[in-house]
Amino acid sequence: MNIKTLIIATAAIAPVVCGCNDIKEDDRYLTVEGVTPVRAVLIEDFTGQNCVNCPAAHATIEKLVEQYGASVIPVSIHAGGFGVSVSTSRLPSYVGLMQPEGNSLNDKYGIKEWPKGVVNGHHATNPDEWAAEVRTELAKESPLSIVIDASYNAEDNTIEVSTTMMPAATLSGRLNVWVVESGIVAFQRDITAGRIPDYVHNHVYRASLTGTDGEAVNLQQGIHSTATHSIAVRNSDTEVWNPANLSIVAFVSDNSGVLQAASSDVNNL
2 MNIKTLIIAT
12 AAIAPVVCGC
22 NDIKEDDRYL
32 TVEGVTPVRA
42 VLIEDFTGQN
52 CVNCPAAHAT
62 IEKLVEQYGA
72 SVIPVSIHAG
82 GFGVSVSTSR
92 LPSYVGLMQP
102 EGNSLNDKYG
112 IKEWPKGVVN
122 GHHATNPDEW
132 AAEVRTELAK
142 ESPLSIVIDA
152 SYNAEDNTIE
162 VSTTMMPAAT
172 LSGRLNVWVV
182 ESGIVAFQRD
192 ITAGRIPDYV
202 HNHVYRASLT
212 GTDGEAVNLQ
222 QGIHSTATHS
232 IAVRNSDTEV
242 WNPANLSIVA
252 FVSDNSGVLQ
262 AASSDVNNL
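For the working numbering, add 1 to where a residue sits in the sequence shown, where the first one is 1.
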């Protein structure tokens, strides 16, 4: 990981004495003193393809996204006894979606039954509690903003990610950067419909660019920090990513939970 920082002046805006062409592209920032970052809420949806009650939880997620738009950032993490490991895939007919990290993330919250969701990193709850928790979290102020720039380069089959953290206060935490994919067609069991062979899975956790515990960040008020990461797009006998359906989710958390989250589609160059 590469992190660079830039001190941002917070004095009153004055006439600019140099043109944009005189400033390096990465150093072009404009801030306004006293602006409160817009809060976004992360929902970690712990699920599984053999979990018959999980499609109803997926529907709850979609309703929250429809209601709150980009302010709600869901990630479906396949884990536990109802998860189907990606290593068992027999493409294209049989697709597993559980990554090895899924169980590590699941165990962090002590989840032993599914579906469960974790809103902004607090604790595992049932789907009927998610709406109230989202409303509570959206009402809180966030101490930072996050901007993601992600692009896929077909020549080297790699995603390059730049995550810029803009703190309104000095803080320490951990940065997580995840690859998420939607539009994956794979089987799903449902309590009413039984086995659905062509179920469309969205917001599926694919990989972490920062490890399951994230990376430590120390942010100071008025200083923007940018972390850069890259990852090869997977294309194997057991796992195929579609670059057109990939997005990046980044969030900063501390012992109190998720301080801020952001999501961005991967631009295809």
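Ideal Cβ placement from N, Cα and C applies to all residues, glycine included.
How far does the beta strand (DSSP E) with S173 in it reach, from first residue to last?
-> Taking the first residue of the sequence shown as position 1, residue 173 is located at position 172. Counting along the chain, the beta strand (DSSP E) containing S173 begins and ends at 172-182.
Beta-carbon contacts of G195 that lie in its chain and below 7 Å, excluding the five residues immediately before and after | Numbered from its first residue, the sequence shown carries residue 195 at position 194. Taken in chain order, the list of residues that qualify is empty.
For P75, does the three-state DSSP call read helix, strand or coil?
-> For the purposes of this step, residue 75 is taken as residue 74 along the sequence shown, with counting starting at 1. Strand.
Give every residue of the same chain whose Cβ lies closer than 6 Å to the Cβ of S77, excluding the five residues on either side of it in the sequence, and list them in chain order.
-> Your numbering for residue 77 matches position 76 in the sequence shown. Once the five neighbours on either side are set aside, the close Cβ partners of S77 are D46, T48, H204, V205.
If we count Cβ pairs, one from each stretch, closer than 8 Å, do we get three or more for the segment 188-202 versus the segment 255-263?
-> no
Check whether the Cβ atoms of L176 and G215 lie closer than 8 Å to each other.
-> Taking the sequence shown and counting its residues from 1, the one referred to as residue 176 is at position 175. Taking the sequence shown and counting its residues from 1, the one referred to as residue 215 is at position 214. Closer than 8 Å, so yes.
Thinking just about the alpha-carbon of each residue, which of P244, I249, N219, N236 is nearest to the one in P144?
-> For the purposes of this step, residue 144 is identified with residue 143 of the sequence shown, where counting begins at 1. Checked all of P244, I249, N219, N236; the closest Cα to P144 is N219.
Ordered along the chain, which non-local residues of its own chain (more than five positions away) have a Cβ less than 8 Å from that of H124?
-> Along the sequence shown, read from residue 1 onward, the residue named residue 124 stands at position 123. These residues qualify, in order along the chain: Y110.
With a CB to CB cut of under 6 Å and the five nearest residues on each side skipped, what residues in its chain are close to S231?
-> To locate residue 231, count along the sequence shown from 1; it is residue 230. These residues qualify, in order along the chain: T159, E161.
By how many angstroms is the C-alpha of R190 removed from the C-alpha of T211?
-> Stepping through the sequence shown from its first residue, residue 211 is reached at position 210. Stepping through the sequence shown from its first residue, residue 190 is reached at position 189. Going from the Cα of T211 to the Cα of R190 covers about 32 Å.
Decide if A251 is buried, meaning its Cβ has at least 16 other Cβ atoms within 10 Å, or exposed.
-> Position 250 of the sequence shown, counting from 1, holds the residue named residue 251. Buried is the call here.
What residue does the alpha helix (DSSP H) around N219 start on, and which one ends it?
-> The residue given as residue 219 occupies position 218 in the sequence shown. No alpha helix (DSSP H) contains N219, which is instead part of the beta strand (DSSP E) from 216-220.
First through last residue of the beta strand (DSSP E) which encompasses A208 = One-based indexing of the sequence shown puts residue 208 at position 207. First-last of the beta strand (DSSP E) with A208: 205-209.
For E156 and P75, the rounded distance between their alpha carbons | Taking the sequence shown and counting its residues from 1, the one referred to as residue 75 is at position 74. Taking the sequence shown and counting its residues from 1, the one referred to as residue 156 is at position 155. Spanning the two alpha carbons is a distance of roughly 30 Å.
Run the CB neighbour count on Q68, radius 10 Å, all protein chains shown included, and call it buried at 16 or more, exposed below.
-> For the purposes of this step, residue 68 is identified with residue 67 of the sequence shown, where counting begins at 1. With fewer than 16 Cβ atoms within 10 Å of its Cβ, Q68 is classed as exposed.
Reduced DSSP category for P198 - H, G, I as helix; E, B as strand; rest coil | Along the sequence shown, one-based indexing puts residue 198 at 197. If DSSP states are grouped into helix, strand and coil, P198 belongs with the strands.
Beta strand (DSSP E) segment containing L43, residue limits = Here the question's residue 43 lines up with position 42 in the sequence shown. Unbroken beta strand (DSSP E) run through L43: 42-48.
Apart from the five residues just before and just after V300, which ones in its own chain have a Cβ nearer than 6 Å to its Cβ?
-> The structure shown has nothing for residue 300, since the chain only spans 2 to 270.
Using the Cα positions of G174 and T193, report the straight-line distance between them to the nearest angstrom.
-> Translated into the one-based positions of the sequence shown, residue 174 becomes position 173. Translated into the one-based positions of the sequence shown, residue 193 becomes position 192. Rounded to the nearest angstrom, the two C-alpha atoms are 43 Å apart.
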